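Asks: Sharing a structure below in structure tokens format, with a few things to ask.
Number of protein chains: 2
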Amino acid sequence: MTGAEASLPAPPRIDRRRAPETAAKILDAAESLFSLRGFYGVSLRDIAGAAKVQVALTHYHFGSKEALFRAVVDRRADEHVRCLAEALDQALTVQGSRTERRKAIIRAFILPIVERTMRGGPGWKHYIRLMAQIANAPQQEDYTVPFGQHFDDLVQSYIAALKDLHPDMEEGKVYWCFFFYQAMITHILAESGMLDRQSGGRFHSSDLDAMVEQMVDFVSGGFLGLGAGPD
Amino acid sequence: MTGAEASLPAPPRIDRRRAPETAAKILDAAESLFSLRGFYGVSLRDIAGAAKVQVALTHYHFGSKEALFRAVVDRRADEHVRCLAEALDQALTVQGSRTERRKAIIRAFILPIVERTMRGGPGWKHYIRLMAQIANAPQQEDYTVPFGQHFDDLVQSYIAALKDLHPDMEEGKVYWCFFFYQAMITHILAESGMLDRQSGGRFHSSDLDAMVEQMVDFVSGGFLGLGAGPD
DNA sequence: GTCTATAATGGGATAGAC
DNA sequence: GTCTATCCCATTATAGAC
Numbered sequence: 029m030t031g032a033e034a035s036l037p038a039p040p041r042i043d044r045r046r047a048p049e050t051a052a053k054i055l056d057a058a059e060s061l062f063s064l065r066g067f068y069g070v071s072l073r074d075i076a077g078a079a080k081v082q083v084a085l086t087h088y089h090f091g092s093k094e095a096l097f098r099a100v101v102d103r104r105a106d107e108h109v110r111c112l113a114e115a116l117d118q119a120l121t122v123q124g125s126r127t128e129r130r131k132a133i134i135r136a137f138i139l140p141i142v143e144r145t146m147r148g149g150p151g152w153k154h155y156i157r158l159m160a161q162i163a164n165a166p167q168q169e170d171y172t173v174p175f176g177q178h179f180d181d182l183v184q185s186y187i188a189a190l191k192d193l194h195p196d197m198e199e200g201k202v203y204w205c206f207f208f209y210q211a212m213i214t215h216i217l218a219e220s221g222m223l224d225r226q227s228g229g230r231f232h233s234s235d236l237d238a239m240v241e242q243m244v245d246f247v248s249g250g251f252l253g254l255g256a257g258p259d
Numbered sequence: 029m030t031g032a033e034a035s036l037p038a039p040p041r042i043d044r045r046r047a048p049e050t051a052a053k054i055l056d057a058a059e060s061l062f063s064l065r066g067f068y069g070v071s072l073r074d075i076a077g078a079a080k081v082q083v084a085l086t087h088y089h090f091g092s093k094e095a096l097f098r099a100v101v102d103r104r105a106d107e108h109v110r111c112l113a114e115a116l117d118q119a120l121t122v123q124g125s126r127t128e129r130r131k132a133i134i135r136a137f138i139l140p141i142v143e144r145t146m147r148g149g150p151g152w153k154h155y156i157r158l159m160a161q162i163a164n165a166p167q168q169e170d171y172t173v174p175f176g177q178h179f180d181d182l183v184q185s186y187i188a189a190l191k192d193l194h195p196d197m198e199e200g201k202v203y204w205c206f207f208f209y210q211a212m213i214t215h216i217l218a219e220s221g222m223l224d225r226q227s228g229g230r231f232h233s234s235d236l237d238a239m240v241e242q243m244v245d246f247v248s249g250g251f252l253g254l255g256a257g258p259d
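In order, the protein sequences belong to chains Z and U. Read in order, the letters of the first sequence are residues 29 to 259 in the numbering used here. Read in order, the letters of the second sequence are residues 29 to 259 in the numbering used here.
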């Protein structure tokens, strides 16, 4: 494959540093593979192979497998969190009935994620799937730590907004509602294909646009089921 | 426990096979470890170490790592599925308003699982967590196959019951509701600790008894949000 | 600073002892 | 039929070439 490397006149240091993008290629490959098979299901060889670089370059650029995993999360985390925070801010300006305002907050949590999954390019799609997988990991595996740091305080502001909107609800029930909502999102974004199988192919969990409004209505109804008062 | 087997006059092939329980010990250890770290996150050495048997015995008794994983699932799958089927049958005998009947079906899906998790002993707890982890695995990883086989047709009967109860709902919306419900359950049973962190320890996702009724009310409300008609 | 060659360990699986 | 000693390869990590 590397045939004809016979005559090499004098290429001094012509393309020294031909790897400004090596680290990015490794990150892209790691993001994609980790999101599909999890931290343990992917080896550095798999990642290096997909990125078409030497195995040990993963080590050179990131230090260890766990550090690489963290780097994958960190690359997009700031934008991810900031974007959700902005969506919440905007939702809080919505006027209307309590149901309308509740749905606005609910939608503000799922829509930025779905938007990035569907229209942010493959990298974002993989990143979101990876987030879902981290959130699903039982207990506090070492590698899941970065996710909690970036995310949990943002969730607090969503819950606070929903508490303000429902002073009549028991505080605990607001927590349960949002917890159930997050659980739905987490599972769905992991793209397990469950709906696809069980509906015999008639509906697809990857039809995220169609899903968002169903989900908003379902969760809003769930709040009513747990005691949210009338408009 | 089986102490005092001293005087055995003529034990021809008496304790040949002193390992009737070796396989069970391996299964128990595998069940526990797989449920915590997934298929890839556990090595046969880990399992053998936890079971206090030689590494290669896992191979002797089960043939391969993947076959062992299947064996773990298969051991309890029949009882698991049968128990859910019975719960559905019983729920369908409930009389009352449509909301009451809907909640009965919803409860019949989560309650048998929670019962086994909480009061079926550690083995069941680990098994349920393992089921959740399989359901969360993206796409069709090889090792996830057994789960789908055992489970999907059972889900069909739940969906059919809910369709019967809601002839006024669009068929697709019933699918979405049940899909959302399953997603919630799946994530929660994986025990991610998300609620525990985000509520500052005030509520625990491991308080399953407290959770069941919240969940039933939430999901029932979700059906209303997606167009289920009045009682 | 960037990459290649190589080490040291842990992985699943097997051949043969009892 | 049950278990032990061993194999070969994949894995992460490092030491040193450019």
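Cβ coordinates follow ideal geometry from the N, Cα and C atoms, glycine included. Source: prediction; values computed, not measured.
Could you pull the start and end residues of the alpha helix (DSSP H) that MET159 of chain U belongs to?
Replies: Here the alpha helix (DSSP H) through MET159 of chain U covers 150–164.
Asks: Can you confirm whether ILE138 of chain Z, when its beta carbon is compared against all beta carbons of chain U, has any partner nearer than 8 Å?
Replies: False, the Cβ-Cβ gap to chain U never drops below 8 Å.
Asks: What are the boundary residues of the alpha helix (DSSP H) that includes MET222 of chain U?
Replies: Element bounds for MET222 of chain U: 222–226.
Asks: Reducing DSSP to helix, strand and coil, say where GLY257 of chain Z ends up.
Replies: In this structure, GLY257 of chain Z counts as coil in the three-state DSSP scheme.
Asks: Reducing DSSP to helix, strand and coil, say where LEU120 of chain Z ends up.
Replies: Three-state DSSP puts LEU120 of chain Z in coil, outside helix and strand.
Asks: Please confirm whether VAL240 of chain Z has its beta-carbon closer than 8 Å to some beta-carbon of chain U.
Replies: VAL240 of chain Z does not count as touching chain U.
Asks: When you compare each of U:LEU55, U:LYS53, U:GLU59, U:ALA51 to ALA160 of chain U by their alpha carbons, which one comes out closest?
Replies: Out of U:LEU55, U:LYS53, U:GLU59, U:ALA51, U:GLU59 has the C-alpha closest to the C-alpha of ALA160 of chain U.
Asks: Kindly indicate the opening and closing residues of the alpha helix (DSSP H) around TYR209 of chain Z.
Replies: Segment 199–217, the alpha helix (DSSP H) holding TYR209 of chain Z.
Asks: Just mark ASP192 of chain Z as buried or exposed, buried being the case when its beta carbon has 16 or more other beta carbons within 10 Å.
Replies: ASP192 of chain Z comes out exposed.
Asks: Closer than 8 Å is the cut-off here; do at least three beta carbon pairs connect the segment 207–216 of chain Z with the segment 89–102 of chain Z?
Replies: Because the criterion of three Cβ pairs below 8 Å is not met, the segment 207–216 of chain Z and the segment 89–102 of chain Z do not touch.
Asks: Helix, strand or coil: how does DSSP classify GLY77 of chain Z here?
Replies: Three-state DSSP puts GLY77 of chain Z in a helix.
Asks: Taking CB distances under 8 Å as the criterion, tell me whether HIS108 of chain Z reaches chain U.
Replies: Not an interface residue.
Asks: GLN184 of chain Z by DSSP, collapsed to three states: which one?
Replies: Three-state DSSP puts GLN184 of chain Z in a helix.
Asks: Which bits of chain U does MET146 of chain Z rub up against, with CB to CB less than 8 Å?
Replies: Ordered by position in chain U, no residue passes the 8 Å Cβ test against MET146 of chain Z, which lies about 17 Å from the chain.
Asks: Are the segment 241–258 of chain Z and the segment 128–137 of chain Z touching by the rule of at least three beta carbon pairs closer than 8 Å?
Replies: Yes: the two stretches touch, three or more of their Cβ pairs being nearer than 8 Å.
Asks: Just reading off the alpha helix (DSSP H) that VAL142 of chain Z is part of, what are its end residues?
Replies: 126–147 is the extent of the alpha helix (DSSP H) around VAL142 of chain Z.
Asks: Closer than 9 Å between beta carbons: that is the criterion. Which residues of the segment 183–216 of chain Z meet it against chain U?
Replies: Listed in sequence order: VAL183, GLN184, ILE187, GLU199, GLY200, LYS201, TYR203, TRP204, CYS205, PHE206, PHE207, PHE208, TYR209, GLN210, ALA211, MET212, ILE213, THR214, HIS215, ILE216.
Asks: Have a look at MET197 of chain Z and GLN123 of chain Z and give me their C-alpha separation to the nearest angstrom.
Replies: When rounded, the distance between both Cα atoms is 20 Å.
Asks: Count the other CB atoms within 10 Å of the CB of GLN242 of chain U; is the residue buried (16 or more) or exposed (fewer)?
Replies: GLN242 of chain U should be labelled buried.
Asks: Do the CB positions of VAL247 of chain Z and TYR209 of chain Z come within less than 8 Å of each other?
Replies: It is a contact, given that the beta carbons lie within the stated cut-off.
Asks: Compare the beta carbon distance of ALA99 of chain U and LEU55 of chain U with 8 Å and say whether it is the shorter of the two.
Replies: In contact: ALA99 of chain U and LEU55 of chain U (Cβ atoms closer than 8 Å).
Asks: Establish whether the CB of LEU116 of chain Z and some CB of chain U are separated by less than 8 Å.
Replies: Chain U, which has no Cβ nearer than 8 Å to the Cβ of LEU116 of chain Z, makes this no.
Asks: Just to confirm my understanding: we take GLU199 of chain U, look at its own chain, exclude 5 residues before and 5 after, and list those with CB closer than 7 Å. What are they?
Replies: Result list for GLU199 of chain U: LYS191, in chain order.
Asks: Establish whether the CB of ALA218 of chain U and some CB of chain Z are separated by less than 8 Å.
Replies: Taking Cβ atoms only, chain Z reaches closer than 8 Å to ALA218 of chain U, which makes this a yes.
Asks: So is ASP180 of chain Z in contact with chain U if we call contact Cβ pairs under 8 Å?
Replies: Cβ-Cβ to chain U under 8 Å: yes for ASP180 of chain Z.
Asks: DSSP on PHE231 of chain U, reduced to helix/strand/coil?
Replies: Correct three-state label for PHE231 of chain U: coil.
Asks: Check this for me: beta carbons of LEU236 of chain U and MET146 of chain U, under 8 Å apart or not?
Replies: Their beta carbons are under 8 Å apart, which means LEU236 of chain U touches MET146 of chain U by this criterion.
Asks: Does any C-beta atom of chain U lie closer than 8 Å to the C-beta of VAL81 of chain Z?
Replies: With 8 Å as the cut-off, VAL81 of chain Z does not count as an interface residue toward chain U.
Asks: Rounded to whole angstroms, what's the CA-CA distance from PRO140 of chain U to SER220 of chain U? Just pull it up for me.
Replies: The straight-line gap from Cα to Cα measures roughly 21 Å.
Asks: When you compare each of U:ASN164, U:TYR203, U:GLY228 to GLY255 of chain U by their alpha carbons, which one comes out closest?
Replies: Checking every option, the nearest Cα to that of GLY255 of chain U belongs to U:TYR203.
Asks: Candidates Z:LEU120, Z:GLN82, Z:PHE206, Z:ILE138: which alpha carbon is nearest VAL109 of chain Z's?
Replies: Comparing Cα-Cα distances from VAL109 of chain Z to each of Z:LEU120, Z:GLN82, Z:PHE206, Z:ILE138, the minimum goes to Z:ILE138.
Asks: Return the Cβ separation of ALA155 of chain U and ARG104 of chain U in integer angstroms, given the expectation that the two are a contact with Cβ distance under 8 Å.
Replies: Going by the sequence as given, residue 155 of chain U is Tyr instead of Ala. Right, their Cβ atoms sit about 5 Å apart.
Asks: Can you name, in chain order, every residue of its own chain whose Cβ lies under 7 Å from the Cβ of ALA115 of chain U, other than the five neighbours on each side?
Replies: If we look at ALA115 of chain U and ignore the five residues flanking it on each side, its Cβ neighbours are ALA136, LEU139, PRO140.
Asks: Along chain U, which residues have their Cβ under 9 Å away from the Cβ of LEU254 of chain Z?
Replies: The answer, in chain order, is GLN242, ASP245, PHE246, GLY249.
Asks: Going straight from the alpha carbon of CYS111 of chain Z to that of ASP259 of chain Z, what length do you get?
Replies: Taking the straight line from one Cα to the other gives about 29 Å.
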